[in-house]
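Here is the structure we will look at.
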Amino acid sequence: MAEQDHKKLPDFIFITGMSGAGRSTALKVFEDLGYTIIDNLPQYLFAHLHEGIQEGNLGLPLVVGVDVRTLGAQAGSFLKTLDKLRQTYNVKLLYLGCHSDVLMKRYNVSRHRHPYGHKTLAEGIQEERERLAPIKAVADYVIDTSLLSVVTLGRVLKNIFTRATSPQLQIRLISFSYRKGLPADADIVLDARFLENPHYEEHLQPLTGRDEPVAKFLQHDRSWTSVFTSIKQTLEPTLKGFKNSGRSYLTIACGCTGGQHRSVFMVEQLAKYLQKLGENVMVEHRELGL
Numbered sequence: 222m223a224e225q226d227h228k229k230l231p232d233f234i235f236i237t238g239m240s241g242a243g244r245s246t247a248l249k250v251f252e253d254l255g256y257t258i259i260d261n262l263p264q265y266l267f268a269h270l271h272e273g274i275q276e277g278n279l280g281l282p283l284v285v286g287v288d289v290r291t292l293g294a295q296a297g298s299f300l301k302t303l304d305k306l307r308q309t310y311n312v313k314l315l316y317l318g319c320h321s322d323v324l325m326k327r328y329n330v331s332r333h334r335h336p337y338g339h340k341t342l343a344e345g346i347q348e349e350r351e352r353l354a355p356i357k358a359v360a361d362y363v364i365d366t367s368l369l370s371v372v373t374l375g376r377v378l379k380n381i382f383t384r385a386t387s388p389q390l391q392i393r394l395i396s397f398s399y400r401k402g403l404p405a406d407a408d409i410v411l412d413a414r415f416l417e418n419p420h421y422e423e424h425l426q427p428l429t430g431r432d433e434p435v436a437k438f439l440q441h442d443r444s445w446t447s448v449f450t451s452i453k454q455t456l457e458p459t460l461k462g463f464k465n466s467g468r469s470y471l472t473i474a475c476g477c478t479g480g481q482h483r484s485v486f487m488v489e490q491l492a493k494y495l496q497k498l499g500e501n502v503m504v505e506h507r508e509l510g511l
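Numbering-wise (the numbering used here), the sequence shown opens with residue 222 and increments by one.
Pasting the structure below:
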């Protein structure tokens, strides 16, 4: 794999390579990273990419997926287009390769037809490899996906192409009442019912977990500090794992009996903690309508 230009990430990335090597997976990763995606753009339209950007119809950074059907027998013409774009933009070419025996297995599992369907699978793969050889030879990045899982390929691409403006993992924190049911989309559920219930304190009953008197009451609960410390120690490696797996969204739900005091307090404390870590957090209190 070529070394990354750390000074400037590319404006344009063209992705090509062997059919079945993971181009569709790569395009989804780039989409999650905030790139504008175009797939299977006919080669005769490549010359209009610059116009589209100048007119504001296309946004940078831009990723263009190119397969052997798009290229046809015109690999030379494609490379000339890249050279022309490089006069104005920082353009990189990413090539995804794969061993023939692995491609055979992938086609047998997916039952997809090879682009050269008139040939045997082995012959089609070999012809495609030969046609793409000139492009692979000049690629800025060559990644062999033979031994890479979908998750691992995503990690590799993110390590190279993540930008400062790429979206972070969006963490949604939601408080709820067990009486009204768990949020259907919750990935992690935390139970706040181990805390003393402010509902039974007359002066706290009309308040919520967002109010300072309720927060002070719950922070003085003997269990709070140790349990919250355990939650934080669990969440940090958990969040790292979710990010590495390519997740874009994570919902953490905190519940108590009525969804007014303890669960709301726990969500607010988690939000402060996660925001200090630099995480992208959205807070929702279901039973409070907030």
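Just so it is clear, CB atoms sit at the ideal spot from N, CA and C, and this is done for glycine as well.
Same chain, Cβ closer than 7 angstroms to residue i, neighbours up to 5 away in sequence not counted
| i | result |
| --- | --- |
| residue 376 | 465 |
| residue 227 | No answer about residue 227 holds up, because its pLDDT of 41 lies below 50 and its placement is not dependable. |
| residue 504 | 394, 488 and 492 |
| residue 463 | 390 and 471 |
| residue 494 | 453 |
| residue 258 | 248, 251, 252 and 284 |
Candidates the options, of which the one nearest residue i by Cα
| i | options | result |
| --- | --- | --- |
| residue 362 | 383, 321, 490 and 313 | 313 |
| residue 420 | 412, 429 and 413 | 429 |
| residue 477 | 271, 411, 499 and 332 | 411 |
| residue 416 | 397, 442, 475 and 308 | 442 |
| residue 497 | 482, 479, 453 and 485 | 453 |
| residue 364 | 381, 431 and 345 | 381 |
| residue 290 | 239, 247, 457 and 360 | 239 |
| residue 481 | 343, 414, 315 and 230 | 414 |
| residue 456 | 444, 439, 474 and 440 | 474 |
| residue 433 | 234, 500, 407 and 486 | 486 |
| residue 274 | 437, 383, 260 and 233 | 233 |
| residue 506 | 439, 307 and 431 | 431 |
| residue 469 | 449, 501 and 490 | 501 |
Neighbourhood of residue i by C-beta distance below 8 angstroms, restricted to the same chain and skipping five residues each side
| i | result |
| --- | --- |
| residue 242 | 317, 318, 319, 324 and 366 |
| residue 347 | 321 |
| residue 261 | 286, 287, 288, 290 and 291 |
| residue 424 | 434 |
Residue i CB to nearest heavy atom of the ligand NAD below 8 angstroms
| i | result |
| --- | --- |
| residue 344 | In the structure on display, the ligand NAD does not appear, and there are no ligands present to speak of. |
Neighbourhood of residue i by C-beta, 6 angstroms cutoff - its chain only, sequence neighbours within 5 removed
| i | result |
| --- | --- |
| residue 479 | 398 |
| residue 483 | 413, 416 and 477 |
| residue 407 | 472 and 474 |
One or two residues paired with residue i in a DSSP bridge
| i | result |
| --- | --- |
| residue 501 | 391 |
| residue 506 | 396 |
| residue 313 | 234 |
| residue 322 | None, per the DSSP bridge assignment. |
| residue 364 | 317 |
| residue 283 | 233 and 257 |
The stretch 343-359 / the stretch 288-298 touching (three or more Cβ pairs under 8 angstroms):
yes
At least three beta-carbon pairs within less than 8 angstroms, the stretch 251-271 to the stretch 331-339
no
Within the stretch 401-426, note down every full beta strand (DSSP E) run reaching 3 residues or more, in order along the chain.
409-412
Those runs of the beta strand (DSSP E) which lie wholly inside the stretch 436-509 and span at least 3 residues
470-477 and 501-506
Can you confirm whether the stretch 325-333 touches the stretch 274-287 when touching is taken to mean that 3 or more C-beta pairs between the two stretches lie within less than 8 angstroms?
no
Report the start-end ranges of each beta strand (DSSP E) in the stretch 241-266 that is 3 residues or longer and not cut off at the edges.
257-260
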